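Colleague:
2 protein chains.
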Amino acid sequence: MNSLTEENYLKALFNIANKDGEVNVAELSKTLDIKMPTVTSMMKKLSGKKLVHYESYKPLRLTERGKKEAGLIIRKHRLTEMFLVEKMKMGWEDVHDIAEQIEHIQSPVFFDKMDEILDFPKLDPHGSPIPDRNGKITSKDYKKLSECQAGEIVKLAAVINTSSAFLKFLNARQLHLGLKLKVKIIEPFDQSITISYGKNQLETLSNVVSERLLVEEKADKIQG
Amino acid sequence: MNSLTEENYLKALFNIANKDGEVNVAELSKTLDIKMPTVTSMMKKLSGKKLVHYESYKPLRLTERGKKEAGLIIRKHRLTEMFLVEKMKMGWEDVHDIAEQIEHIQSPVFFDKMDEILDFPKLDPHGSPIPDRNGKITSKDYKKLSECQAGEIVKLAAVINTSSAFLKFLNARQLHLGLKLKVKIIEPFDQSITISYGKNQLETLSNVVSERLLVEEKADKIQG
DNA sequence: GTATAAAGTTAGATTAATCTAACAAAATAA
DNA sequence: TTATTTTGTTAGATTAATCTAACTTTATAC
Numbered sequence: 001m002n003s004l005t006e007e008n009y010l011k012a013l014f015n016i017a018n019k020d021g022e023v024n025v026a027e028l029s030k031t032l033d034i035k036m037p038t039v040t041s042m043m044k045k046l047s048g049k050k051l052v053h054y055e056s057y058k059p060l061r062l063t064e065r066g067k068k069e070a071g072l073i074i075r076k077h078r079l080t081e082m083f084l085v086e087k088m089k090m091g092w093e094d095v096h097d098i099a100e101q102i103e104h105i106q107s108p109v110f111f112d113k114m115d116e117i118l119d120f121p122k123l124d125p126h127g128s129p130i131p132d133r134n135g136k137i138t139s140k141d142y143k144k145l146s147e148c149q150a151g152e153i154v155k156l157a158a159v160i161n162t163s164s165a166f167l168k169f170l171n172a173r174q175l176h177l178g179l180k181l182k183v184k185i186i187e188p189f190d191q192s193i194t195i196s197y198g199k200n201q202l203e204t205l206s207n208v209v210s211e212r213l214l215v216e217e218k219a220d221k222i223q224g
Numbered sequence: 225m226n227s228l229t230e231e232n233y234l235k236a237l238f239n240i241a242n243k244d245g246e247v248n249v250a251e252l253s254k255t256l257d258i259k260m261p262t263v264t265s266m267m268k269k270l271s272g273k274k275l276v277h278y279e280s281y282k283p284l285r286l287t288e289r290g291k292k293e294a295g296l297i298i299r300k301h302r303l304t305e306m307f308l309v310e311k312m313k314m315g316w317e318d319v320h321d322i323a324e325q326i327e328h329i330q331s332p333v334f335f336d337k338m339d340e341i342l343d344f345p346k347l348d349p350h351g352s353p354i355p356d357r358n359g360k361i362t363s364k365d366y367k368k369l370s371e372c373q374a375g376e377i378v379k380l381a382a383v384i385n386t387s388s389a390f391l392k393f394l395n396a397r398q399l400h401l402g403l404k405l406k407v408k409i410i411e412p413f414d415q416s417i418t419i420s421y422g423k424n425q426l427e428t429l430s431n432v433v434s435e436r437l438l439v440e441e442k443a444d445k446i447q448g
């Protein structure tokens, strides 16, 4: 069994890995707000447990076992977020911190019950995929709103940042998942983007925001 | 804020205190399965935090603050047990270990939501009172089944032990809370007790069991 | 291509929570 | 009332997870 601390390292490694599955010590240190020497020593420990591939001065990588264990923690986190929103009527901006704690509960039955009650959801309230029972994740490849062209019509599919502040910002503008957005103007100077949606609503979003919104092509062709 | 470890000491002190609110180091050590010197040093620490009254060689007592904090942890534990049984359809024999973990979650909103969804329950699934928002507990004074006389008719009101093994033992005999029991025979030699209940069911329970079952007088007089 | 900066490691200290061994006080029994 | 047992404390070691200071390796900049 892994300690709560070890679980947090595994989860962070999983979350911040690049396409090759690599993470630098400095990044991990920053993400967890833990000094680099501490990270190094924990990586040696996790390497000893065959959860991380560690070689001096090389990028960190989770082993297959490490990936699985991390995936299972993230599964618990996302199932919990879904349960809190769907069954306990909490806002999507309020569930992250609670899920951050509940993800460490050791009880397969508890999470199986959640899964069943939620009817085996595939996505969490922020649009992120919920890993399966083996910790495997299957994610669609959405693009960022910031990468869209003027004139495009897209659907808001997921948010990258799940901080309360960011989600409250979206709430205040009635920006929720599933919403159809039309890209009106992209300001070349600062990449701010003006979109229209809902009942004639117009909003201009900074690049900081549009980088954190994931969208999918509106499948209009199929429907009409 | 108290650590998870400190919380476990507070809870144990609350749970095993005698009528005067006193606990011995040896008892606490045994309950927590932690050696006496460790308990002593933690008591000094909690004394420093004004949660425990500690004097060398004297019995331990929670301060008012300590009692409140312990009560609030027990509140979270019991609300959780109720939620798991009522809303997640788990058996009363399966909820203790999960509640033992969830009681440490730091999130007033989370437990307030539970409380609301459960419609502010006063008792947990084992018949134990749920402390109020101030950690205050109001308990009826049930008597033990082992203290009943032959001929008495009583109602099963609560169980003292919440171990899975004990509760499965009760399940196997259809012994659930609220059940009307008639005391038939008390064997003087070993204090085993024979009761009748339900559809002509007869069971003989050892003293070990009847000591752990709390009953209240059947209020037959009032009803007829 | 050397100098500087950034990233990573080693060594050693610190804190919380635990332990064992040895000792002291209080309770119990002879 | 003295001896023995139980209970409780002190002292010092251990482990997990953290830190700072100093050093090394790798990357970046001129």
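First to last, the sequence lines map onto chains A and B.
Those letters in the first sequence? Residues 1 to 224, by the numbering used here.
Those letters in the second sequence? Residues 225 to 448, by the numbering used here.
We treat Cβ as the ideally placed atom computed from N, Cα and C, and that holds for glycine.
Since we're looking at a predicted model, the values are computed, not measured.
(1) Which residues of the stretch 108–133 of chain A have a Cβ closer than 8 Å to any Cβ of chain B? Give them in chain order.
(2) Using the beta-carbon of each residue, which ones in chain A are nearer than 8 Å to B/Gln165?
(3) When the cut-off is 8 Å and only beta carbons count, does B/Met306 lie next to chain A?
(4) Quick one: grab the DSSP three-state call for B/Ile354.
(5) Grab me the residues of B/Leu405's own chain with a C-beta within less than 8 Å of its C-beta, minus the 5 sequence neighbours each way, in chain order.
(6) Should B/Asp365 be flagged as near chain A, meaning a C-beta pair shorter than 8 Å?
(7) Would you grab the beta carbon distance between A/Ile105 and B/Ile326 for me? Rounded to a whole angstrom, and I think it's under 8 Å.
(8) Beta-carbon separation of A/Lys168 and A/Glu116 under 8 Å?
(9) To the nearest angstrom, report how far apart B/Gly448 and B/Lys364 are at their CA atoms.
(10) Using 8 Å as the limit for Cβ to Cβ distance, is B/Ile446 near chain A?
(11) Can you check which of these residues, A/Glu69, A/Met114 and A/Lys184, is closest to B/Lys313 by C-alpha distance?
(12) Taking Cβ-Cβ distances below 9 Å as the criterion, which residues of the stretch 307–322 of chain B are in contact with chain A?
(13) Sort B/Thr264, B/Ile410 and B/Lys346 by Cα distance to B/Gln373 and report the nearest one.
(14) Go through its chain and collect everything with a Cβ distance to A/Ile160's Cβ below 7 Å, but skip five positions before and after it.
(15) Where do the N-terminal and C-terminal ends of the alpha helix (DSSP H) with B/Ile240 fall, by residue?
(16) Among B/Asp356, B/Ile354, B/Val309 and B/Leu303, which one has its Cα closest to the Cα of B/Phe335?
(17) Which partner residues of B/Glu427 appear in the DSSP bridge assignment?
(18) What did DSSP end up calling B/Arg285 once you bin it into helix, strand or coil?
(19) From B/Lys367 to B/Ser430, what does the alpha carbon distance come to, in whole angstroms?
(20) Counting beta carbon pairs with one atom in the stretch 29–37 of chain A and one in the stretch 48–61 of chain A, are three or more of them shorter than 8 Å?
(21) Ends of the alpha helix (DSSP H) at B/Val263?
Modeller: Result, derived from the coordinates:
(1) Val109, Phe110, Lys113, Met114 and Ile117
(2) Since the first and last residues shown for chain B are 225 and 448, residue 165 of chain B lies out of range.
(3) no
(4) coil
(5) Leu369, Ile377, Val378, Lys379, Leu380, Ile419, Ser420, Tyr421 and Val439
(6) no
(7) 7 Å
(8) Going by C-beta atoms, A/Lys168 is not nearer than 8 Å to A/Glu116.
(9) A caution first: B/Gly448 carries a pLDDT of 33, below 50, which makes its placement in the model unreliable, though a value can still be read off. Straight-line Cα distance between these residues: approximately 23 Å.
(10) Bear in mind that a pLDDT of 42 at B/Ile446, under 50, signals an unreliable position, so the number given afterwards is only what the model happens to contain. With 8 Å as the cut-off, B/Ile446 does not count as an interface residue toward chain A.
(11) A/Met114
(12) Leu308, Lys311, Met312, Lys313, Met314, Asp318, Asp321 and Ile322
(13) B/Ile410
(14) Arg212 and Leu214
(15) Leu228 to Ile240
(16) Of all alpha-carbon atoms in B/Asp356, B/Ile354, B/Val309 and B/Leu303, the one lying nearest the alpha-carbon of B/Phe335 is that of B/Leu303.
(17) B/Ile419
(18) strand
(19) Roughly 17 Å between the two C-alpha positions.
(20) no
(21) Met260 to Gly272
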